[in-house]
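Residue numbers (the numbering used here): -15 to 124. Notes for the one structure printed next.
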């Protein structure tokens, strides 16, 4: 494997990045930084805080950031378990956005891995590469 990224993950990234579907999306309001450090527990559930990066963009990017092993490693207590990720997906519930995320997740998580390289965070990078490798296996 090259830099720890399996051949399955590299193939999944290439497929997602080449997809014309990846380039087409309807911009929606996004938080831009939905990481654990920007969430508070509230009576009716978690609340996003720190709205420094709001924009109109791809809803799947917020999902990728929240589900990112790297972001939970950098700003939380470690990567989500499979059960936690499934629970989040069920609670999120917007099927169209979840399907879009599933289509382009390898490319989105490759971008997050590059963020880790830029910030020289090898622990978070290793966590994100492990997630990419799981996504690559699932996409075979």
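Just so it is clear, CB atoms sit at the ideal spot from N, CA and C, and this is done for glycine as well.
Of the residues the options, which one's Cα is nearest the Cα of residue i?
| i | options | result |
| --- | --- | --- |
| residue 110 | 52, 73, 16 | 52 |
| residue -10 | 11, 67, 20, 90 | 90 |
| residue 41 | 21, 13, 54 | 13 |
| residue 28 | 120, 57, 119, 75 | 75 |
| residue 98 | 116, 82, 87 | 116 |
| residue 70 | 82, 2, 60 | 82 |
| residue 79 | 39, 43, 66, 118 | 43 |
Under 8 Å, do residue i and residue j count as touching if we go by C-beta distance?
| i | j | result |
| --- | --- | --- |
| residue 64 | residue 18 | no |
| residue 9 | residue 47 | no |
| residue 112 | residue 25 | no |
| residue 20 | residue 56 | yes |
| residue 101 | residue 45 | no |
| residue -3 | residue 94 | yes |
| residue 120 | residue -8 | yes |
| residue 87 | residue -5 | no |
| residue 58 | residue 104 | no |
First and last residue of the beta strand (DSSP E) that includes residue i?
| i | result |
| --- | --- |
| residue 39 | 39 to 41 |
Take residue i and list the residues in its own chain whose beta-carbon comes closer than 8 Å to its own, dropping the five residues that flank it on each side.
| i | result |
| --- | --- |
| residue 37 | 15, 16, 17 |
Within a Cβ cutoff of 6 Å, which residues of the same chain sit near residue i, ignoring the five residues on either side of it in sequence?
| i | result |
| --- | --- |
| residue 30 | 23 |
| residue 34 | 22 |
| residue -12 | 113 |
How would you write the range of the alpha helix (DSSP H) that residue i sits in, first residue to last?
| i | result |
| --- | --- |
| residue 12 | From DSSP, residue 12 is part of no alpha helix (DSSP H) but of the beta strand (DSSP E) over 12 to 14. |
| residue 117 | 106 to 122 |
| residue 57 | 53 to 59 |
| residue 68 | 66 to 76 |
| residue 19 | Note, residue 19: premise wrong, no alpha helix (DSSP H); not H, not E. |
| residue 85 | 79 to 102 |
Establish whether the CB of residue i and some CB of chain D are separated by less than 8 Å.
| i | result |
| --- | --- |
| residue 122 | In the structure shown, chain D cannot be found, because there is only a single protein chain. |
Beta-carbon within less than 7 Å of residue i's beta-carbon, same chain only, minus the 5 sequence neighbours each way: which residues are those?
| i | result |
| --- | --- |
| residue 62 | 56 |
| residue 73 | 82 |
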